[in-house]
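Below is one structure, written out as structure tokens, with a few remarks after it.
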Amino acid sequence: MTMKLSGKVEKKTKLRQPALKFLDIAQTSKVFRGVVVAANCLDKAKVGGGPNKNKTICAECGATRPGGLAGATWDVVHGYPFCSDGCTTSFFQKLKQKYIQQIKNLDKLTEEEKRDFIDQIENGLPGNFDNILQQAKIINQNRGGNDLFSEIQKAIQEIEAELLKEPVITSEELDADSPIGWKEELESVSGLADLNNKKEIILKAIKEKRALKTKTPLKIFLQQIIQQIKSELNKKPKLQELDPSQYEKTKISLLDQQLKDEGLNDSNMDEETKAALKEAKQNPTPENITKAEEKIHQNGANNNLDNLLTQTLNKLKKGNLTESEKQAAISKIIEFILSENKYQREAYKLKKSKVDALLAELRGEKNNQEGVPLTRVIIITALIVLPLIIVFILIRRARRRRLN
1 MTMKLSGKVE KKTKLRQPAL KFLDIAQTSK VFRGVVVAAN CLDKAKVGGG
51 PNKNKTICAE CGATRPGGLA GATWDVVHGY PFCSDGCTTS FFQKLKQKYI
101 QQIKNLDKLT EEEKRDFIDQ IENGLPGNFD NILQQAKIIN QNRGGNDLFS
151 EIQKAIQEIE AELLKEPVIT SEELDADSPI GWKEELESVS GLADLNNKKE
201 IILKAIKEKR ALKTKTPLKI FLQQIIQQIK SELNKKPKLQ ELDPSQYEKT
251 KISLLDQQLK DEGLNDSNMD EETKAALKEA KQNPTPENIT KAEEKIHQNG
301 ANNNLDNLLT QTLNKLKKGN LTESEKQAAI SKIIEFILSE NKYQREAYKL
351 KKSKVDALLA ELRGEKNNQE GVPLTRVIII TALIVLPLII VFILIRRARR
401 RRLN
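Taking the UniProt record's numbering, the leading residue of the sequence shown gets 1, the next gets one more, and so forth.
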């Protein structure tokens with residue numbers, strides 16, 4: 001907006017009310033004693049009522065203090081009681097980060113606008129966070145943007161509903177496969193496509209965990225039997241002393257059975273597995289046997305993933321996969337990499353780039369230029385550039401003739 005002063009057009013300076021720096025809330029907490037309306041994105045700590053009657057509960061760490069706040073040194077900051085300055089700072093830093101993440105998720109705001117709103121959150125008071133976020137959402141909505149935060153909440157509700165189906169899968173069981181927790185995975189997405197991808201992976205993980213609770217696959221059943229035999233052998237170490245040859249035969253036969261279960265032979269066994277197996281058969285100590293077993297299971301998982309990727313890629317190259325067949329292939333790959341089997345997860349780590357690229361291609365997300373052979377790129381470039389060079393040379397010759 002501009003305004004005319006003394007015949008000159010001058011810009012009207014946009015003034016923002018100074019905000020109290022909130023980074024050191026612990027030092028200023030006593031200023032805010034008493035109950036003030038707090039932001040509603042975190043559960044409010046309760047003082048009194050029910051089993052917590054006459055107790056004060058720290059909003060950050062959950063520590064309790066009998067007798068409410070009377071005579072206590074605790075602070076109440078924006079309606080939240082805290083047992084220490086450290087808890088106060090930690091709580092409000094987390095509160096700010098939740099609002100900042102919601103602003104980052106607004107897809108139609110420019111980076112400059114996001115920085116401006118984030119700056120207001122960083123330097124403002126919690127009572128203003130809702131208004132700041134609402135202003136950002138209105139701008140984003142007016143530009144036709146998506147409210148990614150709302151979509152994330154819908155995804156969380158969908159997954160929570162899926163967890164409650166029988167047999168119930170707990171959040172703790174689901175979090176076992178994630179380094180930061182499944183909810184945090186969803187809250188950290190970069191866009192709708194990323195959200196849908198992670199939601200799909202989590203739902204597949206739930207189905208797999210539920211399937212394991214309802215039935216025991218044959219392979220797992222065989223592994224359990226082998227484990228029982230090994231346990232019995234370990235319980236009776238005298239067998240090795242009384243009949244060493246029989247003990248060795250039993251151990252080696254177990255290794256042979258595991259090779260069969262994993263579908264391994266000389267043609268598809270890697271060198272590390274061959275070496276470990278040879279060492280275990282020549283000197284069947286517990287350490288050598290364990291090492292050979294680990295190599296066998298990992299080799300089997302690696303081969304299974306390689307076969308799955310090769311078969312899927314060959315079908316994809318033929319170009320006759322329907323959408324339903326692509327979805328089935330995606331589900332099969334995701335089911336493999338999200339397995340509770342540690343060897344399958346390790347196989348995925350070894351082939352992560354290849355697996356992710358194939359999944360992206362199946363979903364239609366792969367850039368058509370990726371994977372083009374270098375020789376082909378050179379030929380295409382030459383065909384484009386060569387005619388231009390020829391034309392340039394002809395033009396120069398024509399100019400020289402005119403000058404002559």
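By construction, the Cβ of each residue, glycine as well, lies at the ideal position given by its N, Cα and C atoms. Just so it is clear, the structure is predicted and the values come from calculations on it, not from any experiment.
CA-CA distance, T285 to N304, rounds to 29 Å.
Going by C-alpha positions, I132 is about 48 Å away from L316. Secondary structure of I180 (DSSP, three-state): coil.
Taking a 10 Å sphere around the C-beta of T56, we find 16 or more other C-beta atoms and assign the residue as buried.
When secondary structure is reduced to three states using DSSP, D75 falls in the strand class. Cβ-Cβ distances below 6 Å link K213 to P167 in the same chain, with the five nearest sequence neighbours on each side left out; the list follows chain order.
For I57, DSSP records a beta bridge to T64. Take K204, set aside five residues on each side of it, and the residues of its chain with a beta-carbon closer than 8 Å to its own are S331, I334, E335 and L338, in chain order. Annotated three-state conformation of P126 is helix, per DSSP. Taking a cut-off of 8 Å on C-beta distances, the region 146-164 touches the region 184-191, as three or more cross pairs fall below it. In this structure, DSSP gives L106 an extended state, which the three-state scheme calls strand. For L125, the closest of K349, L388 and V77 by C-alpha to C-alpha distance is V77. In this structure V355 is buried. Its beta-carbon is surrounded by 16 or more other beta-carbon atoms within 10 angstroms. Three or more beta-carbon pairs separated by less than 8 Å link the region 108-116 to the region 128-143, which places the two stretches in contact.
For P286, the three-state secondary structure derived from DSSP is helix.
Sorting T310, Q97, R402 and E287 by C-alpha distance to the C-alpha of K251 places E287 at the top.
Cβ neighbours of L313 within its own chain (closer than 7 Å, five residues either side excluded): L358.
For the 9 Å CB-CB criterion, I296 and E262 form a contact. A direct Cα-Cα distance of roughly 14 Å separates G86 from L95.
Taking C-beta atoms under 8 Å as the contact rule, K351 and L309 qualify, at a distance of about 7 Å. One alpha carbon belongs to C61, the other to G319, and they sit about 56 Å apart. Excluding sequence positions up to five before and after Q120, its CB lies within less than 6 Å of the CB of I132, all in the same chain and listed in chain order. Nearest neighbour of S324 by Cα position, chosen from E272, R363 and R345, turns out to be R363. Between the alpha carbons of E113 and K198 lies a gap of roughly 28 Å. For D266, no alpha helix (DSSP H) segment is defined, and its DSSP state is neither H nor E.
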